[in-house]
Amino acid sequence: MLLVFMTLIGCERELSDEAEFATFSKTGEIFTDNFVGLGTNFFFPFVSDGAKADVFSVDEDVAFESSASIRIDVPNANDPDGSFAGAIFIVDGSGRNLTEFDALTFWAKSTQGVSDITMGFGESKFQVARNDISFSTNWVKHIIPIPDPSKLTEEKGMLFFSAGTGNTGGFGYTFWLDEVKFEKLGTIAQAQPAILNGVDVAQDAFIDIPVQLTGLSQTLNAAGRNITVTAAPSYFEFKSSDIDVARANETGLVSVVGNGQATISATLANVAAQGSLALNVNGTFDFAPTPPARNTNDVISIFSDAYTNAPVDYFNGFFSDGFQTTLGGAPPLDVNGDAVINYTVLNFVGIGTFQDVPSINTTEMTHLHIDIKVNESIDPGDFITIQLLNSVGDNETSGSVRFESDAFTRDQWVSLDIPLNDFGLADRSKIGLLFFISDATISDIFVDNIYYYK
Amino acid sequence: MNKNNIYKSLKVALLPSFLLTMLLVISSCDTDETQTVTTFTKLVMADEFDTEGAPNNSMWTFDIGRGPNGDGWGNQELQYYTDRTENVKVENGFLLITAKEESFEGASYTSARLKTEGLFEQQYGRFEARIRLPYGKGLWPAFWLLGNDCDTNIWPNCGEIDIMEYLGDSPTVVFGSAHGPGYSAGEAETKEYSLVNDRFDTGFHIFGIEWGPNYINYYVDDVLYNQITPEDVSGEWVFDHPFYIIMNVAVGGSFPGSPDSETVFPQTMVVDYVRVYQQ
Chain A
1 MLLVFMTLIG CERELSDEAE FATFSKTGEI FTDNFVGLGT NFFFPFVSDG AKADVFSVDE
61 DVAFESSASI RIDVPNANDP DGSFAGAIFI VDGSGRNLTE FDALTFWAKS TQGVSDITMG
121 FGESKFQVAR NDISFSTNWV KHIIPIPDPS KLTEEKGMLF FSAGTGNTGG FGYTFWLDEV
181 KFEKLGTIAQ AQPAILNGVD VAQDAFIDIP VQLTGLSQTL NAAGRNITVT AAPSYFEFKS
241 SDIDVARANE TGLVSVVGNG QATISATLAN VAAQGSLALN VNGTFDFAPT PPARNTNDVI
301 SIFSDAYTNA PVDYFNGFFS DGFQTTLGGA PPLDVNGDAV INYTVLNFVG IGTFQDVPSI
361 NTTEMTHLHI DIKVNESIDP GDFITIQLLN SVGDNETSGS VRFESDAFTR DQWVSLDIPL
421 NDFGLADRSK IGLLFFISDA TISDIFVDNI YYYK
Chain B
1 MNKNNIYKSL KVALLPSFLL TMLLVISSCD TDETQTVTTF TKLVMADEFD TEGAPNNSMW
61 TFDIGRGPNG DGWGNQELQY YTDRTENVKV ENGFLLITAK EESFEGASYT SARLKTEGLF
121 EQQYGRFEAR IRLPYGKGLW PAFWLLGNDC DTNIWPNCGE IDIMEYLGDS PTVVFGSAHG
181 PGYSAGEAET KEYSLVNDRF DTGFHIFGIE WGPNYINYYV DDVLYNQITP EDVSGEWVFD
241 HPFYIIMNVA VGGSFPGSPD SETVFPQTMV VDYVRVYQQ
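Right, dumping it as structure tokens:
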């Protein structure tokens, strides 16, 4: 069988030589004993993401069924030249026609078992990634199915990898790849594409505030086992139930153009994707007032697009004491590049600055500013209390200021400028928590522009 | 390049086996020219499934429920067999046997099992069907024959010929078997047939046997992949009396295991035709 296999390889090589002058090569091989048809300048490490540049070599001592392999040396997490190994192999020349294949396959082994390797192909538009790939210390064949081969008429991104030390306690290791090629396995079938991770999502949207579709994947059954890969938006066809309300482009960006309801659904290679996005559009988004320009020394910003923000541990501590119900803030909403927090099911919620970030020294400041919009009817007796905790967990002290129902107006931004003296704190040099407390009297609020100033 | 080097260095030592290997490859390529797959050509029964609705009741009857002992037909199968349209119907020229996930009469799944018992029974012949199979862990479709005397001559003494069995989590593999006294269930005389670069749930394939005195030949499409004779079985040869046809999709049980989170329901076995020939 081994010999027959070699014969087949020999045949395919002849083919690829003949096809060399064609516009788009149909060669599937990427690396057998050496790189196949990739040209000279084809290795591009993800340096801007913090990857170490110098991790790749051709190893002539280790190989699967041949005499050489691709060797990747994953650096230690504390390597000053980069904390992980990640790079893409891009054809130095014209792209390849991969429409007759159904998977990228390779053999791999590593010096120790790891199970958090990401690998894939596609330069950008048709990028595909398989996450949580397991490498073991013996050679194992891995399969990355192509979500829809008909899209890959001219692809240059042959292979990429991203490997860190999350499984190894920060210690580097080595892995090898061999027999890397696009193949027609014939055993890849039963597609189950998904958008939004297969969930039917319903949410409010606002005119001119686009929504990015995420959680795009393709699941294919490879000879009995499901394999899920993330798939770039361009593999999907998106459809809107009402294009006068919302429409999605090929990058998965949903433009919101009119009032009403629209549901975005998708297909991949004519198979309906699980998951949809139902948008309820009612007007434009009402942003909080823009804070005035201030000198850097006059403001300590916690959450505002107008100033440089201090680092925070979280915008919702999700205190697991059984009492907190509040959702939202993890992370804040991104409304077309403007960050806003929407707390819902509010009873109380804390913004933390005491665990992994410096606490906030507000001694020099005079006021705390917060913009709040209440998104529901306000009844007499409703309130929101703002509470500050100083020196959390270490002789902590707290002080609060309560705002009654008449301080707020439904669906309108209200700017609170609270004199810090009103909190009655003897020491406010180590503010570690800022609480919003409503005891569920008010449950749905937008919050923006939280900062101390003088 | 380096492969060629290996090839050269191995060539001398491995030459005989290399030749053998190449010969095998060549002969398997030419199967349809050199190998006689079927010889019985007198058509005696056929259902082409051309009439919409319920299967032809002059040809097919049903097993209903969870087996005579309520134990999942002796295999701890999980489905309840019905003759409802949801589980079995003829549509667009195909017989559809559909396994569904639903609570029904205490079972978690429903499906169907058709048989020709009392309607069409034959000793010897060529039995074949063209089928597209379902997929997924726990699915266990089959096209098989059972001896018509099983009521009095308790299984496995009455004989069972499995023309095609398949497990949904191995969509590239089918197997054909013969069960008799001393060689039944896990000890049955059986052989697998694997597709290369293809699978049984994405297209139609022909599954058949040609059965005569002292032999059963098993084929898939144009490939004869096994012959079972009295010399192969470790007990009495019990295949010299009339058998009837069964087609079913079982779910779960001791053999395939239960469906798992990846199993998609409903799953349908699509049958294009069933044909029986005599010599």
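Read top to bottom, the protein sequences are chains A and B. Okay, so the first sequence: first residue is 1 according to the numbering used here, each after it adds one. Okay, so the second sequence: first residue is 1 according to the numbering used here, each after it adds one. Glycine included, each C-beta is placed from N, C-alpha and C at the ideal position.
Check, Outcome
"Hey, could you find the ends of the beta strand (DSSP E) A:SER429 is sitting in?", "Counting along the chain, A:SER429 falls outside any beta strand (DSSP E), and DSSP gives it neither H nor E."
"Checking contacts by CB at 9 Å: is A:ALA485 closer than that to chain B?", "No information on residue 485 of chain A is available, as it lies outside the stretch 1 to 454 that chain A covers here."
"Going by the CB atoms, is the gap between B:VAL223 and B:GLN35 shorter than 9 Å?", "yes"
"Relative to chain B, which residues along the stretch 221–239 of chain A have a C-beta separation below 8 Å, given in chain order?", "ASN221, ALA223, GLY224, ARG225, ASN226"
"Rounded to whole angstroms, what is the Cα-Cα separation between B:PRO181 and A:ILE30?", "55 Å"
"Could you say if the stretch 46–65 of chain A and the stretch 145–157 of chain A meet the contact criterion of at least three C-beta pairs nearer than 8 Å?", "no"
"Using DSSP's beta-bridge definition, name the partner residues of A:MET158.", "DSSP output for A:MET158 lists no bridge partner at all."
"According to DSSP, is A:THR296 part of a helix, a strand, or is it coil?", "helix"
"Classify A:TYR235 as helix, strand or coil using the three-state DSSP reduction.", "helix"
"With DSSP as the reference, please indicate the residues paired to B:TYR273 in a beta bridge.", "B:ARG130"
"Do you know how far the Cα of A:SER110 is from the Cα of B:GLY125?", "56 Å"
"Should B:ILE163 and B:ALA129 be called a contact, given that it needs their Cβ atoms to be closer than 9 Å?", "yes"
"Determine the direct distance from the alpha carbon of A:ASN76 to that of B:ASP201, and round the result to whole angstroms.", "46 Å"
"For B:LEU134, which residues from the same chain have a beta carbon less than 8 Å from its beta carbon, with the 5 sequence-adjacent residues on both sides left out?", "The question names Leu, yet the displayed sequence has Pro at residue 134 of chain B. Result list for B:PRO134: ALA99, PRO141, GLY168, ASP201, VAL249, GLN267, THR268, MET269, in chain order."
"Listing by chain order, which chain A residues have their CB less than 7 Å from the CB of B:TYR135?", "GLN190, ASN221"
"Evaluate the contact criterion for the stretch 184–193 of chain A versus the stretch 186–199 of chain B: three or more CB pairs, one atom per stretch, below 8 Å.", "yes"
"Does the pairing of the stretch 282–299 of chain A with the stretch 267–274 of chain A give three or more beta-carbon distances under 8 Å?", "no"
"Residues of chain B with CB closer than 8 Å to the CB of A:LYS184, please, in chain order.", "ASN197"
"Run the CB neighbour count on B:LEU43, radius 10 Å, all protein chains shown included, and call it buried at 16 or more, exposed below.", "exposed"
"Can you check which of these residues, B:VAL88, B:GLN123, B:GLY72, is closest to B:PRO256 by C-alpha distance?", "B:GLY72"
"Please identify the residue among A:PHE160, A:PHE182, A:THR366, A:PHE175 whose C-alpha is closest to the C-alpha of A:SER115.", "A:PHE175"
"Shortest alpha-carbon distance to A:ILE302 belongs to which of A:ASN449, A:ALA278, A:ILE144, A:GLU376?", "A:ASN449"
"With burial defined as no fewer than 16 other Cβ atoms inside 10 Å of the residue's Cβ, what is the status of A:ILE70: buried or exposed?", "buried"
"Hey, would you say B:PHE49 sits closer than 9 Å to B:GLY118, going by beta carbons?", "no"
"At which residues does the beta strand (DSSP E) containing B:ALA178 begin and terminate?", "173–179"
"Does DSSP classify B:GLY74 as helix, strand or coil?", "helix"
"Is any beta-carbon of chain A found at less than 9 Å from that of B:SER170?", "yes"
"Using a Cβ-Cβ cut-off of 6 Å (strictly less than) and excluding sequence neighbours within five positions of A:ILE370, which residues of its own chain qualify?", "LEU416, ILE450"
"Taking B:PRO259 as the reference, which of B:LYS137, B:GLY70, B:PHE239 has the closest Cα?", "B:LYS137"
"With a threshold of 8 Å, are at least 3 pairs of Cβ atoms found where one atom belongs to the stretch 231–240 of chain B and the other to the stretch 61–70 of chain B?", "no"
"What does the Cβ neighbour count give for A:THR40, buried or exposed, with the cut at 16 atoms within 10 Å?", "exposed"
"With 16 other CB atoms within 10 Å as the buried threshold, where does A:PHE171 fall?", "exposed"
"Check each candidate in A:GLN127, A:ALA194, A:VAL36, A:PHE287 and name the one with the smallest Cα separation from A:VAL447.", "A:PHE287"
"Look up B:VAL196 in the DSSP assignment and say whether it is helix, strand or coil.", "coil"
"Can you pull the chain A residues whose beta carbon is under 7 Å from the beta carbon of B:THR202, in chain order?", "ALA189"
"Using a cut-off of 7 Å between C-beta atoms, extract the partners of B:GLU262 located in chain A.", "ASN226"
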